[in-house]
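Chains R and B, in that order, give the protein sequences.
If you want this note's numbering, it's the 1-based position in the first sequence plus 769.
If you want this note's numbering, it's the 1-based position in the second sequence plus 223.
Every residue gets a Cβ at the ideal spot worked out from N, C-alpha and C, and that includes glycine.
Here's the structure, in structure tokens; my notes come after.
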Amino acid sequence: MNPFKLVLAFIRRRPLTWGFHALTLALGVAVLTAVLALNAGLSGRFERDLAGIDLVVGAKGSPLQLILSSVFQLDQPTGNIPLSTVQTLSQNMLVRRAVPLSLGDNVAGFRIVGTTPQYGEIYNARLIAGRWWTQPMEAVIGATAERRLKLRIGDVFVGDHGLAPGGEAHKDSPYRVVGLLAPTGAVIDRVVLTHTASVWKVHEHENQEHAALISAGKQLDPHDIDKSPGGRQITALLLTYRSTMGALMLPRYINAMPDLQSASPAVETAHLTTLLGTGADVFRAFGLGLLVLSALGFFVALYSAVSQRRRELALLRALGAHPSLLFALVALEGLALGLMGGAAGVALGRAAAAFAAEAAARGGGPSLPLPGFGAVDLLVIGGALALSLAASIAPGIVAYRTQPAAMLRSA
Amino acid sequence: MLAVEGLVAGYGGRPVARLARLEVAPGGAALLLGPSGSGKTTLLLAIAGLAEVMAGVARVDGVDVAALRPAARDRFRGRAIGLVFQDLHLIAGLSTLDNILLAPFAAGVTQDRARALTLLAELGLADRAHRPAETLSRGQAQRAAIARAMLLRPKLILADEPTASLDDEACTRVSDLLARAAEETGAALVIATHDLRLRSRFEVTVAVEPVA
């Protein structure tokens, strides 16, 4: 005979009541856990994608759009910038690394990014097969893209025009796979990398058409500015500073140049997190509200349970139990339910977060690296236990004050 | 053994019943007689330290229970007094054996499973030991409660209306069981009852006096 058996006997007698209360607690815990895990996944994602990029240079427009398009590979680019920018900036003594990006095509929704192998350096990407490209029309495939596209070394594929699937296929300019990348958890997993010159080569034909249009005196679609014959262009440039001096000098220097803007990924991401954070706050408040509600439910249920078993508590007193044992039994009952609800809630929340992350990744969004089970989850379970304990204090005091004589006399 | 002298018992400062004098030797038995509502239960609870002793004294094994501090009183009651109630016997959801072991659990002493099982077997409940308490018949539950009262070899066994609503045969069996329990454990036995059938079974009887 031990207190746990006794508490279990009490709980088993009202399985529906306790099941309901454990479930409400579990739901509150689940919402909190899911929000915390997704938030951590999102910031982890940002951190990995941003690591090593101090400043992004691109065409004038929304700085957030520039960051989204060139760092996270999510939005449309703001426009193009002259290739000469690369030369100017990479020779600047404040710049340690300048990686050019040229966007424009995709293969089955995965962006084809024209760049230099230094792009891989930003994310510490490692080849698991093959080599980096050395000439145009050679491609290295990110891990996720490789898994989805099922491309092998030596395979040949063509890109579609535009950044989403369904564009016109560039049938005349096939790429050849020369390398495959190991997974990094960063944005590089979801792109196909190639030589910057590949992008120009693919569009050369169109450029000639545009040139013909221009010479015929027709207007050029502003969105097709990248196809203008006026010199080589790229979409954006990812800069890494040599020292903190760069952070002070470079943005001003760049923003002063015509048609160029610089955007700090850290600043724009913080801005984005604030925008998204409102939603997360609402969910967190909702989860907390559910928790408080379930604690109230616990309180009412424990209270009525104590009044229902007054005679049994009196029996325990008659058998010699100190009143503190009765208090402990009620608290133990609260804690047992808190533990059940808390553990079930964390499991449920984790499953929901994993499902949401998977759904987002399948829908073409960024894949979220969810953190493993850790201190945060233990903290949430600890919070659920603390709430349950708090809810059992008043009923516990009622049990403590059980007057055995009053109950036994009427027996 | 039990020695009661001029005991007035009550609740919240209000006296309910009086017991002039009662002495029961170890292994002996006495009936506390009185009609329903006369305060028999209150007197038993006062002897066990669960109701107020407003005058007089009740000594169990030489100890004035009412004079003990509350925690010590609970401990003493758990170890030295076995209680059998009219119908509050077992806690549902626990096995019969665990219900027997509630006594040492509540009293905070070693749980002697072997003795509990032996007692259940002697009372014909061997096959019920591991069954849930709520599957027991009323008579079986009462026998289990008697086993629990005997388990810690108390100095005093107090039984409150143990034969109420039992037929003659069951009444005889229960009173025999209680008497034997007292003899075997060397406890003094007091049965509070209004059941006149028990008068032929027990020699010592004492009546509850109402308080004016």
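List the residues of chain R that residue i touches, going by C-beta distances under 7 Å, in chain order.
{"i": "B:A274", "result": "A1174"}
{"i": "B:D321", "result": "M770, K774"}
{"i": "B:T265", "result": "R1178"}
Would you tell me roughly how many angstroms separate the C-alpha atoms of residue i and residue j, rounded to the nearest one?
{"i": "B:G305", "j": "B:L256", "result": "19 Å"}
{"i": "R:T786", "j": "R:F779", "result": "11 Å"}
{"i": "R:A1035", "j": "R:S942", "result": "37 Å"}
{"i": "R:R850", "j": "R:V826", "result": "In the sequence on display, residue 850 of chain R carries Ile and not Arg. Rounded to whole angstroms, R:I850 to R:V826 spans 9 Å at the Cα level."}
{"i": "B:V429", "j": "B:L419", "result": "13 Å"}
{"i": "B:V239", "j": "B:L389", "result": "27 Å"}
{"i": "B:A330", "j": "R:L1084", "result": "12 Å"}
{"i": "R:F773", "j": "R:R916", "result": "51 Å"}
{"i": "R:W969", "j": "R:A1049", "result": "42 Å"}
{"i": "B:D297", "j": "R:G1103", "result": "25 Å"}
{"i": "B:R376", "j": "B:L421", "result": "24 Å"}
{"i": "B:V413", "j": "B:V286", "result": "17 Å"}
{"i": "R:F879", "j": "R:T913", "result": "9 Å"}
{"i": "R:R1001", "j": "R:N875", "result": "20 Å"}
{"i": "B:G235", "j": "B:L266", "result": "14 Å"}
{"i": "R:P846", "j": "R:G931", "result": "11 Å"}
{"i": "B:P438", "j": "R:G1058", "result": "Because chain B in this structure spans residues 224 to 435, residue 438 of chain B falls outside the shown range and cannot be described."}
{"i": "R:R782", "j": "R:R1131", "result": "45 Å"}
{"i": "R:L1094", "j": "R:Y1169", "result": "8 Å"}
{"i": "R:I957", "j": "R:M906", "result": "18 Å"}
{"i": "R:T854", "j": "R:N808", "result": "36 Å"}
{"i": "R:A1144", "j": "R:V1069", "result": "31 Å"}
{"i": "R:S1076", "j": "R:L801", "result": "33 Å"}
{"i": "B:N322", "j": "R:L1045", "result": "57 Å"}
{"i": "R:T1013", "j": "R:I822", "result": "13 Å"}
{"i": "R:R1080", "j": "B:A344", "result": "28 Å"}
{"i": "B:S318", "j": "B:T341", "result": "16 Å"}
{"i": "R:V840", "j": "R:P1027", "result": "22 Å"}
{"i": "B:L313", "j": "R:R1053", "result": "46 Å"}
Restricting to Cα atoms, I'd like to know which of the options is closest to residue i.
{"i": "R:L962", "options": "R:R1119, R:L949, R:G954", "result": "R:L949"}
{"i": "R:K829", "options": "R:A1005, R:L1082, R:G1058", "result": "R:A1005"}
{"i": "R:F926", "options": "R:V1145, R:V909, R:A933, R:T913", "result": "R:V909"}
{"i": "R:H1040", "options": "R:V971, R:Q834, R:Y1072", "result": "R:Q834"}
{"i": "R:K900", "options": "R:R782, R:S812, R:I922", "result": "Per the sequence shown, the amino acid found at residue 900 of chain R is Arg instead of Lys. The shortest Cα separation from R:R900 among R:R782, R:S812, R:I922 belongs to R:I922."}
{"i": "R:F1055", "options": "R:L805, R:N771, R:M770", "result": "R:L805"}
{"i": "R:I897", "options": "R:F815, R:G797, R:P952, R:S859", "result": "R:P952"}
{"i": "B:T416", "options": "B:D383, B:A344, B:L348", "result": "B:D383"}
{"i": "R:R1178", "options": "B:G260, B:A364, B:P355, B:A405", "result": "B:G260"}
{"i": "B:A387", "options": "B:V307, B:T358, B:V427", "result": "B:V307"}
{"i": "R:G1229", "options": "R:A1016, R:L819, R:V971", "result": "Chain R is shown only over 770 to 1180; residue 1229 of chain R falls outside these bounds and no answer can be derived."}
{"i": "R:R945", "options": "R:P1092, R:G1107, R:W902, R:Q842", "result": "R:W902"}
Determine, using beta carbons only, whether residue i and residue j come nearer to each other than 8 Å.
{"i": "B:L242", "j": "B:V276", "result": "no"}
{"i": "B:A226", "j": "B:R300", "result": "no"}
{"i": "B:G437", "j": "B:V288", "result": "This structure does not reach residue 437 of chain B, given that chain B is present from 224 up to 435, and the question cannot be answered."}
{"i": "B:G409", "j": "B:P249", "result": "yes"}
{"i": "B:A352", "j": "B:L324", "result": "no"}
{"i": "R:S1161", "j": "R:V1099", "result": "yes"}
{"i": "R:S967", "j": "R:G883", "result": "yes"}
{"i": "R:L792", "j": "R:S1033", "result": "no"}
{"i": "R:M1018", "j": "R:L863", "result": "yes"}
{"i": "R:G1118", "j": "R:A803", "result": "yes"}
{"i": "B:L254", "j": "B:V427", "result": "yes"}
{"i": "R:G928", "j": "R:I881", "result": "yes"}
Please list, in chain order, the chain R residues whose beta carbon lies closer than 8 Å to that of residue i.
{"i": "B:I314", "result": "L775, A778, E1081, L1084"}
{"i": "B:G365", "result": "The sequence as given places Gln at residue 365 of chain B; Gly does not occur at that position. Under the 8 Å cutoff, chain R gives no residues; its nearest Cβ is about 13 Å from B:Q365."}
{"i": "B:G301", "result": "L1088, G1089, A1090"}
{"i": "B:A326", "result": "L1088, G1089"}
At 7 Å on the CB atoms, spell out the chain B contacts of residue i, in chain order.
{"i": "R:H1091", "result": "A294, D297"}
Just to make sure I have the definition right: I need the residues of chain B whose C-beta is within less than 9 Å of the C-beta of residue i. Which are they?
{"i": "R:M1181", "result": "With chain R running from 770 to 1180 in the structure shown, residue 1181 of chain R is simply not present."}
In the DSSP assignment, what are the bridge partners of residue i?
{"i": "R:H972", "result": "Its beta-bridge partners do not exist; DSSP assigns none."}
{"i": "B:D383", "result": "B:A415"}
{"i": "B:V429", "result": "B:L255"}
{"i": "R:R945", "result": "R:E907, R:V925"}
{"i": "B:V231", "result": "B:R241, B:A278"}
{"i": "R:S1031", "result": "R:V826"}
{"i": "B:S318", "result": "B:P355"}
{"i": "R:I1003", "result": "R:I850"}
{"i": "R:N875", "result": "R:R880, R:D929"}
Residues of chain B with CB under 8 Å from residue i, in chain order?
{"i": "R:F1094", "result": "With the sequence shown as reference, residue 1094 of chain R is identified as Leu, and Phe is not the correct amino acid for it. Ordered by position in chain B, the residues that pass the 8 Å Cβ test against R:L1094 are A329."}
{"i": "R:R781", "result": "G316"}
Along chain R, which residues have their Cβ under 9 Å away from the Cβ of residue i?
{"i": "B:L400", "result": "Simply none; closest approach about 19 Å."}
{"i": "B:L311", "result": "R1080, E1081, A1083, L1084, A1087, M1176, L1177, A1180"}
{"i": "B:L268", "result": "A1087, P1173, A1174, L1177, R1178"}
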